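The structure appears right after this line, and notes come after that.
Number of protein chains: 2
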Amino acid sequence: MKNLLFAIVGLLLVCSHSVLAGRNVILIIGDGMDDKQISIARNYLVGARGKLTLDHMPVRGVAQVLTVTEQGQPVYVADSANSATSIATGEITSRGRIATSPGSDKSLPTIVEILEAQGYKTGLVATSSVTDATPASFVAHINMRYCENPETIHGAKMGPVTLPDCPSYTKANGGPGSISEQIAASEVDVVLGGGAKHFNITAENSEHSVAELARRNGYHVIESREDLASAPADKKLLGLFSPSTMPVRLQGEGAREAEAPKPSWANQLHPYLGSVKQPVPMNCEPNPAFKDMPSLKQMTETALARLHNDQGFFLMVESASIDKQSHERKPCGSIGELAQLNEALDSALAYAEDNPETLVLVTADHAQAAQMIPAESLFSKFPIPVYSPGKIALLRTPEGALLAVNYATNNFAYEEHTGANVAVFANREGIGRVPTMLTQPELFALMRDYIVQAEPSNMH
Amino acid sequence: MKNLLFAIVGLLLVCSHSVLAGRNVILIIGDGMDDKQISIARNYLVGARGKLTLDHMPVRGVAQVLTVTEQGQPVYVADSANSATSIATGEITSRGRIATSPGSDKSLPTIVEILEAQGYKTGLVATSSVTDATPASFVAHINMRYCENPETIHGAKMGPVTLPDCPSYTKANGGPGSISEQIAASEVDVVLGGGAKHFNITAENSEHSVAELARRNGYHVIESREDLASAPADKKLLGLFSPSTMPVRLQGEGAREAEAPKPSWANQLHPYLGSVKQPVPMNCEPNPAFKDMPSLKQMTETALARLHNDQGFFLMVESASIDKQSHERKPCGSIGELAQLNEALDSALAYAEDNPETLVLVTADHAQAAQMIPAESLFSKFPIPVYSPGKIALLRTPEGALLAVNYATNNFAYEEHTGANVAVFANREGIGRVPTMLTQPELFALMRDYIVQAEPSNMH
Chain D
58 MKNLLFAIVG LLLVCSHSVL AGRNVILIIG DGMDDKQISI ARNYLVGARG KLTLDHMPVR
118 GVAQVLTVTE QGQPVYVADS ANSATSIATG EITSRGRIAT SPGSDKSLPT IVEILEAQGY
178 KTGLVATSSV TDATPASFVA HINMRYCENP ETIHGAKMGP VTLPDCPSYT KANGGPGSIS
238 EQIAASEVDV VLGGGAKHFN ITAENSEHSV AELARRNGYH VIESREDLAS APADKKLLGL
298 FSPSTMPVRL QGEGAREAEA PKPSWANQLH PYLGSVKQPV PMNCEPNPAF KDMPSLKQMT
358 ETALARLHND QGFFLMVESA SIDKQSHERK PCGSIGELAQ LNEALDSALA YAEDNPETLV
418 LVTADHAQAA QMIPAESLFS KFPIPVYSPG KIALLRTPEG ALLAVNYATN NFAYEEHTGA
478 NVAVFANREG IGRVPTMLTQ PELFALMRDY IVQAEPSNMH
Chain V
58 MKNLLFAIVG LLLVCSHSVL AGRNVILIIG DGMDDKQISI ARNYLVGARG KLTLDHMPVR
118 GVAQVLTVTE QGQPVYVADS ANSATSIATG EITSRGRIAT SPGSDKSLPT IVEILEAQGY
178 KTGLVATSSV TDATPASFVA HINMRYCENP ETIHGAKMGP VTLPDCPSYT KANGGPGSIS
238 EQIAASEVDV VLGGGAKHFN ITAENSEHSV AELARRNGYH VIESREDLAS APADKKLLGL
298 FSPSTMPVRL QGEGAREAEA PKPSWANQLH PYLGSVKQPV PMNCEPNPAF KDMPSLKQMT
358 ETALARLHND QGFFLMVESA SIDKQSHERK PCGSIGELAQ LNEALDSALA YAEDNPETLV
418 LVTADHAQAA QMIPAESLFS KFPIPVYSPG KIALLRTPEG ALLAVNYATN NFAYEEHTGA
478 NVAVFANREG IGRVPTMLTQ PELFALMRDY IVQAEPSNMH
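Protein chains in written order, with this note's numbering: chain D, 58 to 517; chain V, 58 to 517.
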């Protein structure tokens with residue numbers, strides 16, 4: 058009889074636990090982290106036969122990246138703004154848009170806002186500026202990603218070009234202001250990354266900086282790694298560790314990037330003639346500018362410690378510069394940031410070990426330009442110079458081989474994104490929940506339903 | 058008592074069935090079918106939000122592609138010879154090798170040979186020449202893929218180049234002869250594809266053609282689609298439907314391929330000046346040369362009908378020209394061949410529905426050059442011409458958008474392969490058997506163990 062009583066009490070405890078205990082989602086986004094980038098980093102970091110932390114995850118599928126024009130027609134290559142909007146809101150939008158609808162500027166509720174309204178804690182961690190497209194799409198609403206602060210909302214300057222402004226979003230016009238102002242006014246519990254310059258600027262209609270508005274909204278604002286540990290636990294935390302994108306961990310030897318092969322004079326006359334000088338092989342080396350930065354792992358662990366609670370939380374962690382370094386044709390930079398992502402994932406998985414109702418997801422927002430090509434051409438037997446029409450880096454790998462990374466999507470200062478479905482990884486909480494294929498917007502409902510413990514929505 | 062007896066008999070029947078019934082593997086290889094190629098084909102064939110047959114498969118993982126030099130050092134980009142050797146034999150080898158070991162020319166036993174020796178039926182279907190690297194690696198052993206026939210074994214000519222010969226493999230030197238001669242002497246039950254020219258040639262040390270040697274070895278040899286249906290069931294079948302690679306299903310409008318953007322004179326003086334003329338957009342259209350060819354689906358169904366037996370079989374089906382058309386910068390060609398693969402997969406899945414102990418696997422051997430880039434550059438706001446340094450095709454898709462495919466791995470007549478892990482799909486027989494990640498050589502033991510109903514080998 059006593060045993061039966063114990064059994065019933067035990068059953069009740071188990072049931073109440075499974076119904077009421079808080080659930081957490083840690084979403085890790087590798088910006089531009091397609092399978093090519095993963096393969097390049099794997100070869101360099103752990104060797105061709107090695108496995109990254111990513112590779113050990115028990116669930117692996119793919120997400121279809123979906124983008125439309127303002128008129129709703131399909132577009133086959135995304136940017137981080139529209140793809141992060143897909144993940145954050147479940148809606149498909151156009152390039153450049155931050156959680157707003159194509160054509161109509163409707164604000165799309167984000168998973169962060171929806172969960173906050175239900176009392177869940179939320180956090181955003183990124184190695185980019187926290188105002189950059191990926192983190193911004195989880196907390197802000199604006200029709201142009203470059204309207205990051207009260208100045209650039211009037212049109213950001215990029216070299217010779219003034220990018221589109223966001224007049225209807227200014228406070229003067231009754232809008233919520235720029236992205237940094239929207240973050241300062243937000244209820245996100247932890248925001249960590251770069252982007253101090255977007256906050257150390259006078260807010261619209263105010264004598265105060267955007268950072269000061271954040272303080273008045275309850276944020277403890279820090280700008281150095283040393284201040285991470287001492288931040289008061291009872292306030293929201295805004296950490297801004299660099300003026301814009303945080304410096305990356307690795308760089309090419311002597312800060313070299315991919316370079317154009319140099320055909321001889323004769324080869325320029327006719328492709329069957331002459332010879333070509335390929336870029337000199339190089340190692341990757343530590344980037345000196347990284348040394349004062351908190352690592353992505355450190356920021357992730359800080360966020361996890363602050364978000365840990367009984368009801369559950371949502372944390373988005375972005376390794377931003379896999380993409381940014383690929384735009385700039387810097388393979389070592391991308392490799393180091395993919396290593397940072399794997400280390401942050403180690404921390405997320407360790408947290409999930411201790412807190413089993415934690416779904417850890419890793420995905421990318423879109424594919425990128427970097428291509429691994431043969432260090433020795435498949436056609437090297439032919440008596441003519443064979444070489445990339447773009448830029449190429451030849452990396453000496455720790456396992457003693459040459460890894461050739463080709464960048465050749467355009468002739469501009471920055472490479473293009475590319476189009477391909479991207480990987481979706483999950484820890485064992487994803488088994489039976491994360492299908493082998495889904496669309497990027499379907500990640501939104503999958504994460505929300507997991508946290509609020511709703512029946513999964515039908516995948517549309 | 059009678060009921061108990063029935064139950065016991067029933068149980069015995071079930072047990073004997075599960076132990077003794079034959080198991081089949083249908084391995085479908087998309088040559089060069091990386092996730093970019095799949096995404097390009099998906100967009101064109103079923104739209105950005107559509108799903109291919111591939112996408113519906115319940116198991117999806119990736120395979121690490123592994124290649125070494127003759128000395129055993131890692132190489133990061135494979136060719137079809139070494140990667141097919143990985144899949145067929147479980148061993149890692151160097152580029153160009155057909156089921157032989159790097160450095161030492163040791164013949165590596167293939168899954169086809171191992172299963173044949175145990176009495177299983179086997180088949181090889183390809184849209185390439187049946188002597189090409191992928192099918193050859195399952196049945197032949199030679200140190201250079203281009204030694205396809207008794208002439209090219211002395212050094213194949215490719216334009217201005219004589220490729221390496223295979224002197225130690227000639228019959229005069231006690232070897233097994235060229236690839237076509239090895240196929241003619243083989244015990245593979247069904248061999249279907251292109252490559253008649255490699256058989257309609259006098260065999261070494263013989264008055265007869267290689268095809269005649271095949272006949273004397275029990276093959277019924279056919280060279281047209283019409284003869285498929287009437288082939289006698291009691292003989293081995295060798296179908297050779299074109300002189301070399303079979304013509305592909307789709308081509309660009311007017312047989313156009315990707316073309317170089319044409320910068321204006323001023324732009325050639327300075328990248329900030331002038332303008333650029335992009336290639337005119339095009340549709341894909343049927344390739345007239347395809348009309349007399351059996352489809353990959355038809356060849357697959359023929360092979361399945363002939364291989365169907367109580368003990369079990371192994372069938373390899375290759376859609377070869379996803380790769381070959383990508384080498385030639387012909388995106389419509391690759392798309393059509395990926396459609397052919399999906400249709401052959403439909404047939405394989407239908408067979409597996411009727412014959413549940415059939416493992417259907419789909420994978421690729423290596424990644425390829427084709428990249429989807431934005432049809433409108435991410436940097437189109439900048440007042441300078443932005444364009445690919447390579448070749449580009451702008452496809453009009455049936456859903457009314459423009460899909461831009463970029464080829465820019467080299468300046469040669471044929472693009473390079475690229476390096477990335479490739480997808481592995483399986484039907485429900487793969488659940489619990491096909492991990493989310495494995496190395497390409499591990500596919501060999503996985504397939505063999507499934508068919509012979511052994512305990513799975515440890516994945517090394």
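Beta carbons are placed, not taken as given, at the ideal position from N, Cα and C, and that holds for glycine. On a predicted model such as this, the values are computed, not experimentally measured, just so you know.
8 angstroms is my cut-off, CB to CB: does residue i come that close to chain V?
i              : result
residue 423(D) : no
residue 106(D) : yes
residue 129(D) : no
residue 465(D) : yes
residue 190(D) : no
residue 473(D) : yes
residue 494(D) : yes
Just verifying my parser: in three-state terms, what is the DSSP assignment at residue i?
i              : result
residue 497(D) : coil
residue 326(V) : helix
residue 230(V) : helix
residue 123(D) : coil
residue 255(D) : helix
residue 319(V) : strand
residue 511(V) : coil
residue 398(V) : helix
residue 425(V) : strand
residue 387(D) : coil
residue 433(D) : coil
residue 377(D) : coil
Does residue i get closer than 8 angstroms to chain D when you measure Cβ to Cβ?
i              : result
residue 506(V) : no
residue 469(V) : yes
residue 117(V) : yes
residue 456(V) : yes
residue 436(V) : yes
residue 133(V) : yes
residue 100(V) : yes
residue 432(V) : yes
residue 56(V)  : Residue 56(V) is absent from the model: chain V starts at 58 and stops at 517.
residue 203(V) : no
residue 159(V) : no
residue 70(V)  : The predicted model places residue 70(V) with a pLDDT of 45, which falls under 50 and marks its position as unreliable; any figure quoted below should be read in that light. It does not; no Cβ of chain D falls within 8 angstroms.
residue 231(V) : no
Using 8 angstroms for Cβ pairs, my map puts residue i next to residue j. What's the rounded Cβ distance?
i              : j              : result
residue 100(D) : residue 412(D) : Residue 100(D) to residue 412(D), Cβ: 34 angstroms. No contact.
residue 129(V) : residue 160(V) : 7 angstroms
residue 381(D) : residue 454(D) : Between residue 454(D) and residue 381(D) the Cβ distance is about 23 angstroms, and since that is not below 8 angstroms, they are no contact.
residue 207(V) : residue 259(V) : 7 angstroms
residue 262(D) : residue 228(D) : 5 angstroms
Buried or exposed: where does residue i fall if 16 or more other Cβ atoms within 10 Å of its Cβ makes it buried?
i              : result
residue 329(D) : exposed
residue 94(V)  : buried
residue 34(V)  : Only positions 58 to 517 of chain V appear in the structure, and residue 34(V) is not among them; the question remains open.
residue 512(V) : exposed
residue 349(D) : exposed
residue 76(D)  : Its pLDDT being 45, under 50, residue 76(D) is placed unreliably by the model, and nothing is read from it.
residue 152(D) : buried
residue 319(D) : exposed
residue 286(V) : exposed
residue 74(V)  : With a pLDDT of 43 at residue 74(V), under the threshold of 50, the modelled position of this residue cannot be trusted, and the question is left open.
| query | Are the segment 418 to 425 of chain D and the segment 112 to 123 of chain D touching, with three or more C-beta to C-beta distances below 8 angstroms? | reply | yes
| Are the segment 465 to 481 of chain D and the segment 393 to 406 of chain D in contact at 8 angstroms, needing three or more beta carbon pairs? | no
| field | Cβ contact (3+ pairs, closer than 8 angstroms) linking the segment 163 to 176 of chain D and the segment 505 to 512 of chain D | value | yes
| Is the segment 425 to 437 of chain D touching the segment 383 to 392 of chain D, taking contact as three or more C-beta pairs under 8 angstroms? | yes
| message | Contact between the segment 350 to 363 of chain D and the segment 175 to 186 of chain D is defined here as three or more beta-carbon pairs at a separation below 8 angstroms; is this criterion met? | response | yes
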